[in-house]
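Undergrad: Take a look at this one; I'll ask things after.
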Amino acid sequence: MNAMNFKGTDVVSIRDLSRKQIEHVMDLAEELVPYASGEKRTRVMDGKILANLFFEPSTRTRLSFESAMVRLGGRFIEIAQPQNSSIVKGETLADTIRMVDGYSDAIVLRHPHEGAARLAAKYSSKPVINAGDGAGQHPTQTILDLFTIRQQAGGIAGKKIVLVGDLKYGRTAHSLAEALGMFGADLTFVAPPVLQMPKDTISQLEKSGISPHLSSDLAEEVSDADVLYITRIQRERFPDPAEYNKVAGSYRVDRSLLRDAKKNLAILHPLPRVDEISPEVDNTENAKYFQQAFNGVPVRMALILLLLGGDL
Amino acid sequence: MKEFRVTPIRNGTVIDHIDCGQALKVLRIIGINDSVQYTVSVLLHVPSKKDGWKDIIKVEDRELDAKEVDKISLIAPHATINIIRDFNVAEKFTVKMPEVAKGIVKCGNPNCITNMNEPVETEFVIESKDPTVLRCLYCDRIQENVADRLV
Numbered sequence: 210m211n212a213m214n215f216k217g218t219d220v221v222s223i224r225d226l227s228r229k230q231i232e233h234v235m236d237l238a239e240e241l242v243p244y245a246s247g248e249k250r251t252r253v254m255d256g257k258i259l260a261n262l263f264f265e266p267s268t269r270t271r272l273s274f275e276s277a278m279v280r281l282g283g284r285f286i287e288i289a290q291p292q293n294s295s296i297v298k299g300e301t302l303a304d305t306i307r308m309v310d311g312y313s314d315a316i317v318l319r320h321p322h323e324g325a326a327r328l329a330a331k332y333s334s335k336p337v338i339n340a341g342d343g344a345g346q347h348p349t350q351t352i353l354d355l356f357t358i359r360q361q362a363g364g365i366a367g368k369k370i371v372l373v374g375d376l377k378y379g380r381t382a383h384s385l386a387e388a389l390g391m392f393g394a395d396l397t398f399v400a401p402p403v404l405q406m407p408k409d410t411i412s413q414l415e416k417s418g419i420s421p422h423l424s425s426d427l428a429e430e431v432s433d434a435d436v437l438y439i440t441r442i443q444r445e446r447f448p449d450p451a452e453y454n455k456v457a458g459s460y461r462v463d464r465s466l467l468r469d470a471k472k473n474l475a476i477l478h479p480l481p482r483v484d485e486i487s488p489e490v491d492n493t494e495n496a497k498y499f500q501q502a503f504n505g506v507p508v509r510m511a512l513i514l515l516l517l518g519g520d521l
Numbered sequence: 009m010k011e012f013r014v015t016p017i018r019n020g021t022v023i024d025h026i027d028c029g030q031a032l033k034v035l036r037i038i039g040i041n042d043s044v045q046y047t048v049s050v051l052l053h054v055p056s057k058k059d060g061w062k063d064i065i066k067v068e069d070r071e072l073d074a075k076e077v078d079k080i081s082l083i084a085p086h087a088t089i090n091i092i093r094d095f096n097v098a099e100k101f102t103v104k105m106p107e108v109a110k111g112i113v114k115c116g117n118p119n120c121i122t123n124m125n126e127p128v129e130t131e132f133v134i135e136s137k138d139p140t141v142l143r144c145l146y147c148d149r150i151q152e153n154v155a156d157r158l159v
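One line per chain: the protein sequences are U and E, in this order.
Numbering (the working numbering) for the first sequence: 210 to 521.
Numbering (the working numbering) for the second sequence: 9 to 159.
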């Protein structure tokens, strides 16, 4: 992808974007917030069609892409229930993409297999946005997380950002950690040893000059944190339910944990949550996860605008 | 008179400086099986002037294609290929690992889109040549045991 010229290109992996390009997307997203909330109106995407292909269930990502396109004055077509499409007849993804390519101006794809978006990008002449491929990449989630951190903490460089939960298997955590490293954040990874951040992600960070701090004690790390980013610990990772309950319990965020926290600590979560964050936290100033979910709209609007071209 | 372990060949290919222990895998790459109609000589664990020990393969009346050479480069990066015509070395070169390995390795991630029924050739970026480290261009996974998954 060339400098700031995004038009016609694909967003498959966060690694496809430079720091400058990500900053450019975030700056534009900031401008788009009043449009995303409906306060201001635009028809810049009038006559354009976004194809939303969701071969796996999704709530936030799908709805926020739809909302983003509609807020920009464009329209969308979708496959939201693949069981009703020709996929069940055994059509390859390559064929589906070449067909949809003729019906739309850009394609958003969520697929259960890793590498699906890269394949789609190969077969499509229109821009492809990866909305999650199996356990692989989900770059728009990473950008909206960065955007929310920058917005809530007043910047990223030098801020103490604590990532908590399943850091081993959670795809969100790996790409976010790498991106935060690129922006010079002060990173702390809190997880039980069996779910700690994989070694290759850590060595990747070390190569870019970041030495993350590893811990298993959430309470100790919260006191001077600027951002607490929580991911879900999945029950199925533990053969013994008692062990799961013990681990999950020790990483639950509630009001008592926040007693010694900084006043402006921002708590984020990619959602859906199960019981990692107690509902009593929702009413505190620190709860920013619904704001984070909203931010999916301006960030995706910015990407659509950059990939399809157009001025506000 | 010099004593040959294996006599010179009139026409064919000598694959020399194969990393010790890799010769049988190279045989698999070049498709040597019961049905071939030419002579194949294999020398295992031969002293090498360059680097300790090596394997050598001589294939009579057969030259290699570019894909076979690329595959050999992934498991025996120091191998040299000598093309013999009428007892003379007509061409000699060291294998060169490509920057991108296309269609010669299967991805080790069972959930990778290239392992589904899609009309696509696998592609791997060579991240390191020594040791050989490949990353799938599609699913982004680092590949181990490449020799077992050569196409």
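Here a beta-carbon is modelled for each residue, glycine too, at the ideal position from N, C-alpha and C.
Bear in mind that the values here come from a model prediction, so they are computed numbers and not experimental data.
Rounded to whole angstroms, what is the Cα-Cα separation between Met-210 (chain U) and Asp-219 (chain U)?
TA: Low confidence applies here, because Met-210 (chain U) scores a pLDDT of 48, under 50, leaving its location unreliable; read the following figure in that light. Roughly 8 angstroms between the two C-alpha positions.
Undergrad: Using a Cβ-Cβ cutoff of less than 7 angstroms, which residues in the same chain neighbour Met-105 (chain E) once the five nearest sequence positions on both sides are dropped?
TA: Within the same chain, Met-105 (chain E) has close Cβ partners Ser-81, Leu-82, Pro-85, Ile-134 and Lys-137.
Undergrad: Assess contact between the region 21–33 of chain E and the region 487–498 of chain U, defined as three or more Cβ pairs (one per stretch) separated by less than 8 angstroms. Is contact present?
TA: No: fewer than three Cβ pairs fall under 8 angstroms.
Undergrad: What whole-angstrom Cβ distance do Ala-87 (chain E) and Ile-26 (chain E) have, given they're in contact under 8 angstroms?
TA: About 5 angstroms separates the two Cβ atoms, so the contact holds.
Undergrad: With 16 other CB atoms within 10 Å as the buried threshold, where does Val-483 (chain U) fall?
TA: So Val-483 (chain U) ends up on the exposed side.
Undergrad: Taking the alpha carbon of Gln-501 (chain U) as the point to measure from, which residue in U:Ala-362, U:Asp-463 and U:Glu-489 has its own alpha carbon closest?
TA: Gln-501 (chain U) has its Cα closest to that of U:Ala-362, out of U:Ala-362, U:Asp-463 and U:Glu-489.
Undergrad: For chain E, find out if any of its Cβ atoms is closer than 7 angstroms to the Cβ of Gly-324 (chain U); answer yes or no.
TA: Judged by the 7 angstroms Cβ criterion, Gly-324 (chain U) is in contact with chain E.
Undergrad: Run through chain U and tell me which residues come within less than 8 angstroms of Ile-121 (chain E), C-beta to C-beta.
TA: Correct list: Leu-302, His-320, His-322, Glu-323, Gly-324, Ala-325, Arg-327, Leu-328 and Asp-342.
Undergrad: Using 7 angstroms as the limit for Cβ to Cβ distance, is Val-128 (chain E) near chain U?
TA: Interface residue, yes.
Undergrad: May I have a chain-ordered list of the alpha helix (DSSP H) segments no shorter than 4 residues that lie completely inside the region 422–501 of chain U?
TA: Entirely contained in the region 422–501 of chain U, the alpha helix (DSSP H) runs reaching 4 residues are, in chain order, 427–431 and 450–459.
Undergrad: Verify whether the separation of the beta carbon atoms of Pro-348 (chain U) and Ser-222 (chain U) is less than 7 angstroms.
TA: Yes, Cβ-Cβ distance for Pro-348 (chain U) and Ser-222 (chain U) is below 7 angstroms.
Undergrad: Should Val-154 (chain E) be counted as a contact of the ligand PLP given a C-beta to heavy atom distance under 6 angstroms?
TA: In the structure shown, the ligand PLP is absent, as is every other ligand, since no ligand is present at all.
Undergrad: Distance, Cα to Cα, Leu-142 (chain E) vs Ile-150 (chain E)?
TA: About 6 angstroms.
Undergrad: Where does Val-77 (chain E) sit, in a helix, a strand or coil, going by DSSP?
TA: The answer is helix: DSSP assigns Val-77 (chain E) an H, G or I state.
Undergrad: Closer than 7 angstroms by beta-carbon distance: list the chain E residues that pair up with Gly-345 (chain U), in chain order.
TA: Per Cβ cutoff of 7 angstroms: Cys-147 and Asp-148.
Undergrad: Give a yes or no on whether 7 angstroms exceeds the smallest Cβ distance from Met-124 (chain E) to chain B.
TA: Of the chains in the structure shown, none is chain B; the protein chains are U and E.
Undergrad: Using a beta-carbon distance cut-off of less than 9 angstroms, what residues from the region 219–232 of chain U approach chain E?
TA: Cβ contacts with chain E come from Ser-222 and Arg-224.
Undergrad: Quick check: Glu-131 (chain E) and Leu-145 (chain E), are their CB atoms within less than 7 angstroms of each other?
TA: Result yes, Cβ atoms of Glu-131 (chain E) and Leu-145 (chain E) sit closer than 7 angstroms.
Undergrad: Skipping 5 residues on each side, what residues in its chain have a beta carbon closer than 8 angstroms to that of Asp-255 (chain U)?
TA: Gly-282 and Gly-283.
Undergrad: Taking 7 angstroms as the threshold (C-beta atoms), are Val-456 (chain U) and Pro-401 (chain U) in contact?
TA: It is a contact, given that the beta carbons lie within the stated cut-off.
Undergrad: Taking a contact to mean a Cβ-Cβ separation below 7 angstroms, would you say Phe-95 (chain E) touches Arg-36 (chain E) in this structure?
TA: No, these two residues do not count as a Cβ contact at 7 angstroms.
Undergrad: Using DSSP's beta-bridge definition, name the partner residues of Ala-315 (chain U).
TA: Answer by DSSP bridge pairing, in chain order: U:Leu-259.
Undergrad: For Ile-89 (chain E), which option in E:Ile-64, E:Pro-55 and E:Glu-107 has the closest C-alpha, if you only look at C-alpha atoms?
TA: Ranking E:Ile-64, E:Pro-55 and E:Glu-107 by Cα distance to Ile-89 (chain E) puts E:Ile-64 first.
Undergrad: Could you list which residues in chain U have their beta carbon closer than 7 angstroms to that of Asn-117 (chain E), in chain order?
TA: By Cβ distance, chain U contributes Glu-323.
Undergrad: Inspect the beta-carbon positions of Ile-306 (chain U) and Tyr-332 (chain U) and report whether they are closer than 7 angstroms.
TA: Yes, the pair counts as a contact, with Cβ atoms nearer than the cut-off.
Undergrad: Assuming Ala-329 (chain U) and Leu-302 (chain U) are in contact, meaning their beta carbons sit under 8 angstroms apart, how far apart are those beta carbons, in whole angstroms?
TA: Contact flag correct, Cβ pair sits at about 7 angstroms.
Undergrad: Have a look at Pro-118 (chain E) and Pro-321 (chain U) and give me their C-alpha separation to the nearest angstrom.
TA: Between Pro-118 (chain E) and Pro-321 (chain U), the C-alpha separation is close to 12 angstroms.
Undergrad: Looking at the strands, I want to know which residues DSSP matches up with Thr-21 (chain E).
TA: DSSP output for Thr-21 (chain E) lists E:Val-67 and E:Ile-91 as bridge partner(s).
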